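Here is the structure we will look at, set down as structure tokens.
4 protein chains.
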Amino acid sequence: MAKEIKTIGVLTSGGDAPGMNAAIRAIVRKSLSNGIKVKGIKKGFNGLLNEEIVDMDARSVSDTIQRGGTVLYTARCTEFRTLEGQQKGAEICRKHGIDGLVVIGGDGSFAGAQKLSALGINTIGVPGTIDLDIACTDYTIGFDTAVNTAMEAIDKVRDTSTSHERCSIIEVMGRNAGYIALWCGIANGAEDILLPEKYNHDEQQLINNIINNRKKGKKHHIVINAEGIGHSEAMARRIEAATGIETRATILGHMQRGGSPTCRDRVYASIMGAYAADLLAQGKSNRVVGYKNGAYVDFDIDEALAMQKGINDYEFTVSRLLAM
Amino acid sequence: MAKEIKTIGVLTSGGDAPGMNAAIRAIVRKSLSNGIKVKGIKKGFNGLLNEEIVDMDARSVSDTIQRGGTVLYTARCTEFRTLEGQQKGAEICRKHGIDGLVVIGGDGSFAGAQKLSALGINTIGVPGTIDLDIACTDYTIGFDTAVNTAMEAIDKVRDTSTSHERCSIIEVMGRNAGYIALWCGIANGAEDILLPEKYNHDEQQLINNIINNRKKGKKHHIVINAEGIGHSEAMARRIEAATGIETRATILGHMQRGGSPTCRDRVYASIMGAYAADLLAQGKSNRVVGYKNGAYVDFDIDEALAMQKGINDYEFTVSRLLAM
Amino acid sequence: MAKEIKTIGVLTSGGDAPGMNAAIRAIVRKSLSNGIKVKGIKKGFNGLLNEEIVDMDARSVSDTIQRGGTVLYTARCTEFRTLEGQQKGAEICRKHGIDGLVVIGGDGSFAGAQKLSALGINTIGVPGTIDLDIACTDYTIGFDTAVNTAMEAIDKVRDTSTSHERCSIIEVMGRNAGYIALWCGIANGAEDILLPEKYNHDEQQLINNIINNRKKGKKHHIVINAEGIGHSEAMARRIEAATGIETRATILGHMQRGGSPTCRDRVYASIMGAYAADLLAQGKSNRVVGYKNGAYVDFDIDEALAMQKGINDYEFTVSRLLAM
Amino acid sequence: MAKEIKTIGVLTSGGDAPGMNAAIRAIVRKSLSNGIKVKGIKKGFNGLLNEEIVDMDARSVSDTIQRGGTVLYTARCTEFRTLEGQQKGAEICRKHGIDGLVVIGGDGSFAGAQKLSALGINTIGVPGTIDLDIACTDYTIGFDTAVNTAMEAIDKVRDTSTSHERCSIIEVMGRNAGYIALWCGIANGAEDILLPEKYNHDEQQLINNIINNRKKGKKHHIVINAEGIGHSEAMARRIEAATGIETRATILGHMQRGGSPTCRDRVYASIMGAYAADLLAQGKSNRVVGYKNGAYVDFDIDEALAMQKGINDYEFTVSRLLAM
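Chains as they are written, first to last, in my numbering: chain L, 147 to 470; chain S, 147 to 470; chain G, 147 to 470; chain Z, 147 to 470.
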């Protein structure tokens, strides 16, 4: 029989992402309406180990759905990767009467949730990362806002790149995954898109493409470069040297993590948060919420962590053809 | 054996939607890369009947992906609802060597495409409407931009509504479908959401809710009202009279149709446009492109027009609980 | 000798305006650095009469500079227009040890400040209104944000207006003053601008202009109508009837009052707030802060209220010529 | 007697700035309404020397007021710094019947205009640069858009900086002038602002300030660093090493040059463009348009280039106090 849950905790872990506050709000309010109390744990697993734990009511999350960042703060926590840290975390949960825990974050954070679950604390993961690099879900909290932020910045770079007939290399986030780069590449009509999953490091081919485009009369050449490939400044210098075309690099950086969330991020994060609250209310544990094939679903964390996903080939091919 | 397609036309029909230009661009460039010529037909079926037809090449759609509206213009056309009009349209297609046609629009526009297909012109529909009210697809071009535009406007109304401790009724688009209202309702944390699909017209319940919220200490009360319910001004006057709380109506109107498309609208419209171009290249006809269960697909237009969809009950219930 | 000021109050009054929080923050922090205590008075003069008064320190205004609305709330107060109300207000100030008061608002609010000053409470006015209708200053808090909000909305309406080759009447705020309408008229390239200060109510001339523009091949016709003229819906119906061109009205409404303030509104409101705090620290009273001829200045409230300003003729003439 | 002007040219020179298109549009249309023909010269003085000259009519500038960049393109031109280049330029003007020329750009571009004027071509300068570093004017085209772009990006960085309790160094444009840095510093409530005009390069003081703020409980520490000081990445590494607080650098870069212009940039650029067209129509030469002390004015270019301006001390002092 499922354990009865009276009080849950919620924390955000790893890199922050716009929409995390919408998820926190939904977890708090849906749990309250399920008759369950809620405690906020600050600064991720770090704050759990330091017992930075506060009571939350419906008003604690007023006026937060439209805010970037996370009102619970976040941090990375090496101590929680050890068995000792995990046992201490479970102990602190019990001490504070926390029967269940929602962890909003990425795969690394879910691994922590998995350990806590094995130690008797019911845990549910909610996918929060701007990188979209969680295999069990087609949507992660923050990706939609991040791609729009990057896209709007690139639209601006394109204006000035055109006025000066320049080549521009724009580096977007995504250390292991090229989703932000691919989406911006399509949305900004970029002439080249360099993804960790696809780039063959043949810079001569890139240079030839730039030269050919100039011959065709194109007034600018936009290269979207994923963080996972990096080295945009040096690449710009080499391209300028090889082509004779003025080339500048822009690294968009941390602005991609912030900002008021888009409508999609607010809506999906809200539904996912409510869904996670309901899973805990039903006594479920070691699950991660996902949005897959057009529906909200949940997976066993072990299975979720074992899944793989990659760049869609049709979309990548189309992205190359449309930049003609 | 499928008819060989040498030249296609593309038109936008019905209400315009942000992202239509991204779809046009993709149709043009993907067709060209498929070895097919493209003609642009201006002002929808109206322009077809008036032979407002221009040749398009890769440069015709340069610098358009980020633009709102439709570079091909759009119109409603009553003549095309008659058999005579449809036959004339098919005749004009043949006269201009147009073997296939992509129609970007809503159900009404697809009905026109269906007729042309029966008259021997291969046609493909691409769903373009801010209202999301096309049953065969989870995504329609323009919805994502429209909900973000509406949401950002409502965020602003909420600022001043809070400062003055007012009740605000905000009317968003959606004559037959409440999707924009539901999404904004969740994303803006609205206290009440009135949808054509769900509203029971019990205004006393709404009034009681407003009074109760004020007692709970809420500084504002936001009601999102779908266009399909309407009458926001009169509703505001009745609510102010019944509650004694200052109440103002805002009708967001046509600004929801315009603006630079979001990243999602640019990306999905691009892929859908390319997909439609490929369907025509394969000799397909009487199909409509959709995004369903997480994948790009196509349906027979007859089947697509017979489908039904509605508001998700879990999402609607959650939206009500989160506004506690 | 000037009275020594130990504690001041701050309130926002009349319609709220983006940037008011930046001014409050500056008043609080500059006063603290001047060695003066600060109390926040909620809901304008209304809250003063109800003694809704709270202590403020440097942290009370943390994370507010980027927020729309006013953290002190605002209200209109008829009681304060009476001598009795004013005397009660002065009494409450003395009771709470408030020696000086900054009033952020428009001319009506300054009149209240003037009365309090005569009753022995040092008062300073700071111009806060989106309408720019304060004669002693070239800048008022909120105008810059409001015109950008309106302009961006009109850009969107223009997209769809062009796609459908429509005429659009867009009503912007400004009951007595046409500044928002004039600025948007220029910035949006509107074909007609109707200002309270200039409009001769010759609708036939407007209709002729619309017809002539259509003949010249213009794809849309944008009319910016100031709230002070109003009746946009009826005007749209008359124009459509007279021209045969589809014509729609949009009333932008309260969204123009909200939103995160622009850079200018944050910067000028901050400097004006600091300047007001310094005037009180110097023992000044019955002054209003302005930005005039490129410099921050202050005027006697009596003189300020007697000043006049109007629409610049060169700018209005140019606005008409540029829409050719 | 002033030379009669029948045809003028217009060009943009140096770095592009949002609002340049509004100025071009105004110059074209106001000149046409003055009975003067207009030719567009592409790519600045470079394009003049290459005779990249096109006729412009009222429709040439349709639908451009809201666009970033410059439709005439821009470039830097070393050849035009030589007397030979200038003489060739004047010759080409005469060959194309160009009696007068409007040059939109910065001080370097005005120096070119000055030389042409001495060679018999009537020239007028219009200040266009995002840096605000033109002494004769309180406003330059593009500054208002650039500070809003930078401010909005910094708001986003601040969200994530707060969530992670980080120190962030954000580098904004301004090689010789700190205006963008100062405005953003105030508008974003930055804890430190490093301006070329004011920074004493005492990094230990900066480090102490960061440590003290953390002790006071501040959740983030934002340092705005002007491009003219630069080296943000290295500074971040030194600060992290010295304080133990995670510190990241973001260099906003070229996105600050692009984007749809703000309302102010569209309005002021339009009036300045019209004003420049009128000066040429009156037979004036060797003048530069400015906005000074609240009014549009014009100066002799020689005088304008000899003027000096600097950071306002009161504003700088206030900016430091408000970050308490």
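Note that CB positions come from ideal geometry on N, CA and C, so glycine has one too.
As the structure is a prediction and not an experimental result, all values here were calculated from the model.
| Asked | Found |
| --- | --- |
| Closer than 7 Å at the beta carbon, the chain S residues around G/S309 | D162, G215, T216, Y219 and T220 |
| Span separating the alpha-carbon of Z/A420 from that of Z/A427 | 10 Å |
| Any C-beta of chain S under 7 Å from that of L/N294 | yes |
| DSSP bridge partner residues for S/G246 (one or two, in chain order) | S/I154 and S/N268 |
| Interface residues of chain Z facing G/R410 [CB-CB closer than 9 Å] | D290, V293, N294, W329, A333, T408 and R410 |
| contact_flag[the stretch 187–200 of chain S, the stretch 309–322 of chain S] where n(CB pairs < 8 Å) is 3 or more | no |
| Short CB-CB distance (under 7 Å) between L/L467 and chain S | yes |
| Closer than 7 Å to chain S by CB, L/Q350 | no |
| Assigned exposure category for G/I228 - 16 Cβ within 10 Å defines buried | Looking at the sequence shown, residue 228 of chain G is not Ile but Thr. With fewer than 16 other Cβ atoms within 10 Å, it is exposed. |
| Unbroken stretches of the beta strand (DSSP E), 3 residues or longer, contained in the stretch 150–235 of chain S | 153–158, 183–187 and 199–202 |
| Where G/D446 sits in the DSSP three-state scheme | strand |
| Chain Z contact for L/Q454 (CB, 7 Å cutoff) | no |
| Limits of the alpha helix (DSSP H) - the one that L/I315 falls within | First-last for L/I315: C313 to V318, but that is the beta strand (DSSP E), not the alpha helix (DSSP H). |
| Where G/A281 falls: helix, strand or coil (DSSP) | coil |
| Own chain partners of Z/L194 with C-beta closer than 7 Å, once the 5 adjacent residues on each side are dropped | L157, I187, G235 and I238 |
| CB contact check: S/K302 to chain G, cutoff 7 Å | yes |
| S/G215, buried or exposed, once every other Cβ within 10 Å from all chains shown has been counted against 16 | buried |
| For G/V369: DSSP bridge partner residues | G/I315 and G/D338 |
| L/L468 vs S/A172 beta-carbon contact at 7 Å | yes |
| Three CB pairs or more closer than 8 Å across the stretch 266–277 of chain S and the stretch 429–448 of chain S | yes |
| Beta-carbon gap between S/G374 and S/G456 smaller than 7 Å | no |
| DSSP-derived helix/strand/coil call for Z/G331 | helix |
| Contact list for the stretch 198–215 of chain Z against chain G, Cβ threshold 7 Å | A204, I211 and Q212 |
| Own chain residues within Cβ distance below 7 Å of G/M147, not counting five before or after | In this prediction, G/M147 scores a pLDDT of 47, lower than 50, which makes its location untrustworthy; no coordinate-derived value is stated. |
| CB of S/I397 within 7 Å of CB of S/I370, strictly | no |
| Close beta carbons around Z/Q454, own chain, < 7 Å, minus the five adjacent residues each side | A281 |
| Cβ shell of L/E392 (< 6 Å), same chain only, five flanking positions each side left out | R312 |
| Beta-carbon gap between S/C223 and S/N196 smaller than 7 Å | no |
| For Z/T291 and Z/T408, believed in contact at Cβ under 8 Å, the rounded distance | 5 Å |
| Below-7 Å beta-carbon distance, L/M381 vs any chain Z residue | no |
| Minimum Cβ-Cβ distance from Z/S440 to chain G less than 7 Å | What sits at residue 440 of chain Z in the sequence shown is Gly, not Ser. Closer than 7 Å: yes. |
| Beta-carbon separation (whole angstroms), S/R406 vs S/R240, contact threshold 8 Å | Residue 406 of chain S is actually Ser in this sequence, not Arg. With a Cβ gap of about 37 Å, S/S406 and S/R240 do not count as contacting. |
| Whether L/G324 touches L/E343 by CB criterion (7 Å) | yes |
| Selected residue, minimal CA-CA separation from G/V443, among G/L451, G/N458, G/D459 and G/L425 | G/L425 |
| Residue-chain proximity (L/G165, chain Z), Cβ-Cβ < 7 Å | no |
| Within 7 Å of chain G by C-beta, residues of the stretch 371–405 of chain S in sequence order | R394, T396, I397, G399, H400, M401, R403, G404 and G405 |
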